[in-house]
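Participant: I am attaching a structure below and will ask some questions about it afterwards.
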Amino acid sequence: MFPSIFSSHSLHRPLTYAIHASRTNSTHLSPPIVAGDKILQDVWAQDPESYMGMGAADFPSYLMILGPNCPVGTGPLVITIEAQTDYIVKMIDHWQTHNIRSYTPDAAVIRDFVARQDRFMAKTVWGGYCESWYKSGSCNDKVTALWCGSTLHYLEAIRQVRFEDWRFEYEGNRFTYLGNGHSQTEMNPDVDLAYSVRNEDEPLARNKMTNIINKTGSVIVADEGTGEGVFFLWDRIFP
1 MFPSIFSSHS
11 LHRPLTYAIH
21 ASRTNSTHLS
31 PPIVAGDKIL
41 QDVWAQDPES
51 YMGMGAADFP
61 SYLMILGPNC
71 PVGTGPLVIT
81 IEAQTDYIVK
91 MIDHWQTHNI
101 RSYTPDAAVI
111 RDFVARQDRF
121 MAKTVWGGYC
131 ESWYKSGSCN
141 DKVTALWCGS
151 TLHYLEAIRQ
161 VRFEDWRFEY
171 EGNRFTYLGN
181 GHSQTEMNPD
191 VDLAYSVRNE
201 DEPLARNKMT
211 NIINKTGSVI
221 VADEGTGEGV
231 FFLWDRIFP
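Numbering (the numbering used here), first residue to last: 1 to 239.
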């Protein structure tokens, strides 16, 4: 959440959110992202460390697309951008509807996440001795640009927001969002007020939801003896 911004004509404009698109240079962040006495460009000068490729520790209400630790080398970027946009919309919706002043990914969470990333990358070809922009253009630095798995793995990891990984500051009482005690459903004249009465339970477990989304059972699995059909070995590569 940006309290204000200065335009190119030095006009001071108050605002709630700013959406900025930078150039394609992977090391370029513009304009300077500032929080207190910290500048994100300086903090990330050597080892960029993000939260799930979208958040930065100590930079409140700042969300990005295709930040460090994204699956930019394992699948189509459009799918990743769409998934990150959905995640950001969920965060903004939570901010708007829960009396929140600001939100920041917890620094301890990011340390754990980066440690997991580093252990994974050490086993991959990307961690080998070669110059790569995945390692900020160096041969010796650690891999900071990539996600610790496949693109589908990333999509499933960010499908639900882990609110426990974020620190929230509220505008007064955090339960103000409960409003006047009436549901918005009750204010809608053409809805089924008994919608909670159903013939079967909705799948709430993460694995069951994933099976529905990825259409489990719709692809013919190959026979290991004949090799016919489609067969995936990702879980055998990285158990």
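Ideal placement from N, C-alpha and C gives every residue a C-beta, glycine not left out. None of the values given here were measured: they were computed from a predicted structure.
So, helix, strand or coil for residue 174, using DSSP?
Facilitator: Residue state, collapsed to three classes: coil.
Participant: Taking the straight line between their C-alpha atoms, what separation do you get for residue 98 and residue 192?
Facilitator: Between residue 98 and residue 192, the C-alpha separation is close to 26 angstroms.
Participant: Please report the Cβ distance between residue 120 and residue 139, rounded to the nearest whole angstrom; I am assuming they are in contact, meaning their Cβ atoms lie under 8 angstroms.
Facilitator: Incorrect: roughly 19 angstroms between the Cβ atoms, too far for contact.
Participant: Fully enclosed by the stretch 99-175, which beta strand (DSSP E) runs are 3 residues long or longer?
Facilitator: Within the stretch 99-175, the complete beta strand (DSSP E) runs of at least 3 residues are 100-105, 166-170.
Participant: Could you tell me the distance, in whole angstroms, from the CA atom of residue 263 to the CA atom of residue 214?
Facilitator: The question about residue 263 has no answer here: the residues shown for the chain are numbered 1 through 239.
Participant: Rounded to the nearest angstrom, how far is the Cβ of residue 100 from that of residue 168, given a contact under 8 angstroms?
Facilitator: Right, the Cβ-Cβ distance comes to about 5 angstroms (below 8 angstroms), so this counts as a contact.
Participant: Helix, strand or coil: how does DSSP classify residue 34 here?
Facilitator: Three-state DSSP puts residue 34 in a strand.
Participant: Run the CB neighbour count on residue 83, radius 10 Å, all protein chains shown included, and call it buried at 16 or more, exposed below.
Facilitator: By the 10 Å Cβ count, residue 83 comes out buried.
Participant: Apart from the five residues on each side of it in sequence, which residues of its chain come closer than 7 angstroms, Cβ to Cβ, to residue 68?
Facilitator: Cβ neighbours of residue 68 beyond the five flanking positions: 48, 49, 50, 53, 144, 145.
Participant: Straight-line CA distance for residue 150 to residue 198?
Facilitator: Cα to Cα, residue 150 sits roughly 37 angstroms from residue 198.
Participant: What are the residues that DSSP puts in a beta bridge with residue 63?
Facilitator: Its beta-bridge partners are 55.
Participant: With a 10 Å radius around its C-beta and 16 neighbouring C-beta atoms as the bar for buried, classify residue 195 as buried or exposed.
Facilitator: By the neighbour-count rule (16 or more Cβ atoms within 10 Å), residue 195 is not buried but exposed.
Participant: Quick check on this structure: which residue in 133, 123, 89 has the alpha carbon closest to the alpha carbon of residue 61?
Facilitator: Of the listed residues, the one whose Cα sits closest to residue 61 is 89.
Participant: Quick one: what's got a C-beta closer than 6 angstroms to residue 114's C-beta in the same chain, skipping five residues either side?
Facilitator: 49, listed in sequence order.
Participant: Nearest to residue 172 by CA position, among 81, 102, 56, is which residue?
Facilitator: The candidate whose alpha carbon is nearest that of residue 172 is 102.
Participant: Could you compute how far the alpha carbon of residue 36 sits from the alpha carbon of residue 81?
Facilitator: One C-alpha to the other measures close to 29 angstroms.
Participant: Reducing DSSP to helix, strand and coil, say where residue 92 ends up.
Facilitator: Looking at residue 92 - three-state DSSP - the assignment turns out to be helix.
Participant: Tell me the rounded alpha-carbon separation between residue 132 and residue 207.
Facilitator: If you take the alpha carbons of residue 132 and residue 207, they lie about 36 angstroms apart.
Participant: Just mark residue 70 as buried or exposed, buried being the case when its beta carbon has 16 or more other beta carbons within 10 Å.
Facilitator: So residue 70 counts as buried.
Participant: Grab the span of the alpha helix (DSSP H) containing residue 198 for me, first residue to last.
Facilitator: Residue 198 -> no alpha helix (DSSP H), and no H or E assigned at all.
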